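In my numbering, the protein residues as written are -19 to 203.
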(Lines of atoms letter the chains of each structure in order from A and count residues from 1; the text may use other names and numbers.)
(Lines give C-alpha, C1' and ligand atoms only; values in the text may rest on other atoms or scores of the structure.)
Protein backbone atom coordinates (compact mmCIF):
# COMPACT_ATOMS: atom_id res chain seq x y z
CA UNK A 1 0.00 0.00 0.00
CA UNK A 2 2.84 2.36 0.85
CA UNK A 3 4.59 1.59 -2.43
CA UNK A 4 1.38 2.25 -4.38
CA UNK A 5 0.82 5.56 -2.63
CA UNK A 6 4.41 6.58 -3.32
CA UNK A 7 3.99 5.60 -6.98
CA UNK A 8 0.77 7.64 -7.25
CA UNK A 9 2.44 10.62 -5.60
CA UNK A 10 5.34 10.40 -8.03
CA UNK A 11 3.03 10.17 -11.07
CA UNK A 12 1.13 13.28 -9.92
CA UNK A 13 4.22 15.48 -9.79
CA UNK A 14 3.94 18.42 -12.21
CA UNK A 15 5.82 18.10 -15.48
CA UNK A 16 9.05 20.04 -15.37
CA UNK A 17 10.89 21.27 -18.45
CA UNK A 18 14.62 21.68 -18.43
CA UNK A 19 16.16 25.00 -19.42
CA UNK A 20 17.56 23.38 -22.57
CA UNK A 21 14.15 22.02 -23.66
CA UNK A 22 12.31 25.23 -22.74
CA UNK A 23 14.08 27.08 -25.56
CA UNK A 24 12.41 24.67 -28.01
CA UNK A 25 9.17 23.84 -26.17
CA UNK A 26 7.65 27.34 -26.14
CA UNK A 27 8.52 28.31 -29.75
CA UNK A 28 7.26 24.90 -30.89
CA UNK A 29 3.87 25.49 -29.27
CA UNK A 30 3.59 28.88 -30.95
CA UNK A 31 4.63 27.60 -34.38
CA UNK A 32 2.36 24.54 -34.26
CA UNK A 33 -0.62 26.68 -33.23
CA UNK A 34 0.11 29.15 -36.03
CA UNK A 35 0.42 26.29 -38.54
CA UNK A 36 -2.93 24.73 -37.60
CA UNK A 37 -4.66 28.13 -37.61
CA UNK A 38 -3.23 29.05 -41.01
CA UNK A 39 -4.26 25.68 -42.46
CA UNK A 40 -7.83 26.05 -41.20
CA UNK A 41 -8.17 29.66 -42.39
CA UNK A 42 -6.79 28.80 -45.82
CA UNK A 43 -9.15 25.83 -46.24
CA UNK A 44 -12.17 27.97 -45.34
CA UNK A 45 -11.02 30.79 -47.63
CA UNK A 46 -10.43 28.38 -50.51
CA UNK A 47 -14.19 28.05 -50.94
CA UNK A 48 -14.19 31.51 -52.54
CA UNK A 49 -12.67 32.05 -55.99
CA UNK A 50 -11.56 35.63 -56.62
CA UNK A 51 -9.82 37.74 -59.26
CA UNK A 52 -6.39 39.01 -58.28
CA UNK A 53 -4.62 41.23 -60.80
CA UNK A 54 -6.76 39.66 -63.51
CA UNK A 55 -5.97 36.06 -62.53
CA UNK A 56 -8.45 33.59 -61.03
CA UNK A 57 -7.41 32.38 -57.60
CA UNK A 58 -8.85 30.75 -54.50
CA UNK A 59 -8.75 33.23 -51.61
CA UNK A 60 -6.96 30.73 -49.38
CA UNK A 61 -3.82 31.38 -51.42
CA UNK A 62 -3.29 34.60 -49.45
CA UNK A 63 -2.59 32.74 -46.20
CA UNK A 64 -1.80 29.12 -47.11
CA UNK A 65 1.77 29.70 -48.40
CA UNK A 66 3.04 30.62 -44.95
CA UNK A 67 2.25 27.08 -43.79
CA UNK A 68 5.23 25.82 -45.80
CA UNK A 69 7.60 28.05 -43.83
CA UNK A 70 5.84 27.24 -40.56
CA UNK A 71 6.29 23.54 -41.38
CA UNK A 72 9.99 24.22 -41.92
CA UNK A 73 10.13 25.81 -38.48
CA UNK A 74 8.53 22.74 -36.89
CA UNK A 75 11.02 20.56 -38.75
CA UNK A 76 13.90 22.72 -37.52
CA UNK A 77 12.65 22.72 -33.93
CA UNK A 78 11.38 19.17 -33.50
CA UNK A 79 12.63 17.03 -36.35
CA UNK A 80 11.13 15.24 -39.35
CA UNK A 81 8.83 12.87 -37.41
CA UNK A 82 7.11 15.78 -35.67
CA UNK A 83 6.67 17.57 -39.00
CA UNK A 84 5.07 14.50 -40.59
CA UNK A 85 2.74 13.97 -37.62
CA UNK A 86 1.68 17.62 -37.73
CA UNK A 87 0.87 17.44 -41.45
CA UNK A 88 -1.35 14.37 -41.04
CA UNK A 89 -2.96 15.65 -37.83
CA UNK A 90 -3.81 18.95 -39.48
CA UNK A 91 -5.39 17.16 -42.44
CA UNK A 92 -7.63 15.25 -40.01
CA UNK A 93 -8.52 18.50 -38.22
CA UNK A 94 -9.44 20.19 -41.50
CA UNK A 95 -11.57 17.24 -42.57
CA UNK A 96 -13.36 17.27 -39.21
CA UNK A 97 -13.89 21.03 -39.56
CA UNK A 98 -15.52 20.56 -42.98
CA UNK A 99 -17.74 17.75 -41.66
CA UNK A 100 -18.75 19.85 -38.68
CA UNK A 101 -19.64 22.86 -40.84
CA UNK A 102 -21.67 20.58 -43.10
CA UNK A 103 -23.46 19.02 -40.10
CA UNK A 104 -24.32 22.43 -38.66
CA UNK A 105 -25.51 23.72 -42.04
CA UNK A 106 -28.06 20.90 -42.48
CA UNK A 107 -29.60 21.29 -39.03
CA UNK A 108 -32.96 23.11 -39.05
CA UNK A 109 -32.71 26.81 -38.20
CA UNK A 110 -34.62 28.29 -35.29
CA UNK A 111 -37.62 29.96 -37.05
CA UNK A 112 -37.78 32.66 -34.38
CA UNK A 113 -34.33 33.86 -35.52
CA UNK A 114 -34.79 33.44 -39.26
CA UNK A 115 -33.68 31.09 -42.00
CA UNK A 116 -29.99 31.84 -41.41
CA UNK A 117 -29.09 30.67 -44.89
CA UNK A 118 -25.94 32.80 -44.87
CA UNK A 119 -24.06 30.23 -42.77
CA UNK A 120 -24.63 27.44 -45.27
CA UNK A 121 -23.80 29.70 -48.20
CA UNK A 122 -20.49 30.73 -46.69
CA UNK A 123 -19.26 27.76 -44.66
CA UNK A 124 -21.08 24.67 -45.93
CA UNK A 125 -18.26 22.88 -47.73
CA UNK A 126 -17.97 22.32 -51.44
CA UNK A 127 -16.64 18.83 -50.98
CA UNK A 128 -14.60 18.61 -54.16
CA UNK A 129 -12.72 21.79 -53.23
CA UNK A 130 -12.27 20.72 -49.61
CA UNK A 131 -10.94 17.28 -50.49
CA UNK A 132 -8.71 18.70 -53.22
CA UNK A 133 -7.29 21.21 -50.75
CA UNK A 134 -6.59 18.61 -48.06
CA UNK A 135 -5.09 16.10 -50.51
CA UNK A 136 -2.85 18.73 -52.11
CA UNK A 137 -1.74 19.95 -48.67
CA UNK A 138 -0.76 16.50 -47.45
CA UNK A 139 1.11 15.49 -50.61
CA UNK A 140 2.93 18.80 -51.12
CA UNK A 141 3.90 19.27 -47.49
CA UNK A 142 5.19 15.71 -47.12
CA UNK A 143 7.29 16.35 -50.24
CA UNK A 144 8.38 19.67 -48.71
CA UNK A 145 9.49 17.72 -45.64
CA UNK A 146 11.59 15.30 -47.68
CA UNK A 147 13.24 18.03 -49.77
CA UNK A 148 14.05 19.96 -46.58
CA UNK A 149 15.64 16.82 -45.08
CA UNK A 150 17.62 15.98 -48.22
CA UNK A 151 18.86 19.55 -48.57
CA UNK A 152 20.23 19.49 -45.04
CA UNK A 153 21.77 16.02 -45.43
CA UNK A 154 23.18 16.33 -48.95
CA UNK A 155 23.76 20.05 -49.52
CA UNK A 156 24.23 22.20 -46.42
CA UNK A 157 22.99 22.88 -42.92
CA UNK A 158 24.19 26.45 -43.26
CA UNK A 159 22.43 29.21 -45.19
CA UNK A 160 19.13 28.26 -43.62
CA UNK A 161 17.18 30.39 -46.08
CA UNK A 162 18.33 28.05 -48.86
CA UNK A 163 16.57 25.04 -47.32
CA UNK A 164 13.30 27.01 -47.25
CA UNK A 165 13.68 28.09 -50.89
CA UNK A 166 14.61 24.58 -52.01
CA UNK A 167 11.74 22.81 -50.26
CA UNK A 168 9.16 25.45 -51.17
CA UNK A 169 10.46 25.58 -54.73
CA UNK A 170 9.46 21.95 -55.20
CA UNK A 171 6.31 21.77 -53.08
CA UNK A 172 4.59 24.99 -54.20
CA UNK A 173 4.11 24.02 -57.88
CA UNK A 174 3.01 20.51 -56.88
CA UNK A 175 0.47 21.88 -54.40
CA UNK A 176 -0.89 24.42 -56.88
CA UNK A 177 -1.29 21.95 -59.75
CA UNK A 178 -2.85 19.23 -57.60
CA UNK A 179 -5.34 21.58 -55.97
CA UNK A 180 -6.43 23.41 -59.13
CA UNK A 181 -6.92 20.33 -61.30
CA UNK A 182 -8.56 18.13 -58.65
CA UNK A 183 -10.89 20.94 -57.56
CA UNK A 184 -11.80 22.55 -60.87
CA UNK A 185 -10.84 20.42 -63.90
CA UNK A 186 -13.97 19.63 -65.91
CA UNK A 187 -15.97 22.31 -64.10
CA UNK A 188 -14.09 25.33 -65.41
CA UNK A 189 -12.39 26.05 -68.74
CA UNK A 190 -8.83 24.73 -68.87
CA UNK A 191 -7.51 28.29 -69.28
CA UNK A 192 -9.16 29.28 -65.98
CA UNK A 193 -7.68 26.25 -64.20
CA UNK A 194 -4.19 27.16 -65.43
CA UNK A 195 -4.86 30.76 -64.39
CA UNK A 196 -5.57 29.50 -60.87
CA UNK A 197 -2.33 27.47 -60.94
CA UNK A 198 -0.31 30.47 -62.14
CA UNK A 199 -1.77 32.89 -59.59
CA UNK A 200 -1.24 30.35 -56.82
CA UNK A 201 2.40 29.86 -57.74
CA UNK A 202 3.08 33.60 -57.99
CA UNK A 203 1.46 34.49 -54.66
CA UNK A 204 2.97 31.49 -52.85
CA UNK A 205 6.49 32.28 -54.02
CA UNK A 206 6.03 35.94 -53.09
CA UNK A 207 4.92 34.85 -49.61
CA UNK A 208 7.90 32.51 -49.39
CA UNK A 209 10.36 35.35 -50.00
CA UNK A 210 8.60 37.57 -47.47
CA UNK A 211 8.57 34.84 -44.81
CA UNK A 212 12.17 33.67 -45.35
CA UNK A 213 13.53 35.51 -42.27
CA UNK A 214 11.21 33.45 -40.05
CA UNK A 215 13.52 30.45 -40.39
CA UNK A 216 16.01 32.28 -38.15
CA UNK A 217 13.38 32.94 -35.47
CA UNK A 218 13.73 29.56 -33.76
CA UNK A 219 16.69 27.47 -32.55
CA UNK A 220 17.92 24.38 -34.40
CA UNK A 221 17.04 20.98 -32.97
CA UNK A 222 20.07 19.23 -31.51
CA UNK A 223 19.83 15.41 -31.47
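A virtual CB, placed ideally from N, CA and C, is assigned to each residue, including glycine.
Since this is a predicted model, take the numbers as computed values, not measurements.
Taking the Cα positions, residue 61 is about 17 Å away from residue 13. Within its own chain, the residues whose Cβ lies closer than 7 Å to the Cβ of residue 178, once the five positions on either side in sequence are excluded, are 35, listed in chain order. For residue 117 and residue 45, the gap between their C-alpha atoms comes out near 10 Å. Shown here, residue 155 sits in a helix according to DSSP, grouped into three states. In this structure, the CA atom of residue 5 is about 46 Å from the CA atom of residue 168. Residue 113 and residue 22 have their C-alpha atoms spaced approximately 9 Å apart. Its Cα nearest to that of residue 10, the residue 51 stands out among 38, 87, 51.
Look at residue 197 here: in three-state DSSP terms it is coil, with no helix or strand label. At a cut-off of 3 residues, the continuous stretches assigned as beta strand (DSSP E) that sit fully inside the region 7 to 78 are 29 to 32, 35 to 38. The DSSP-derived three-state label of residue 165 is strand. Taking all protein chains in view, the Cβ of residue 38 is crowded by 16 or more other Cβ atoms within 10 Å, so the residue is classified as buried. Exposure of residue 79 is indicated by the presence of fewer than 16 other C-beta atoms within 10 angstroms of its C-beta.
Note on geometry: alpha-carbon atoms of residue 197 and residue 19 lie some 20 Å from one another. Shown here, residue 92 sits in coil according to DSSP, grouped into three states, outside any helix or strand.
For residue 187, same chain residues with a beta-carbon under 7 Å away, outside a window of 5 residues either side, are 45, 46 in chain order. Counting C-beta pairs closer than 8 Å gives three or more between the region 98 to 110 and the region 76 to 90, which meets the contact rule. Comparing alpha carbon positions, the residue from 165, 183, 160, 143 closest to residue 193 is 143. Of the residues assessed, residue 68 falls on the exposed side of the cut-off, its CB having fewer than 16 other CB atoms within 10 angstroms.
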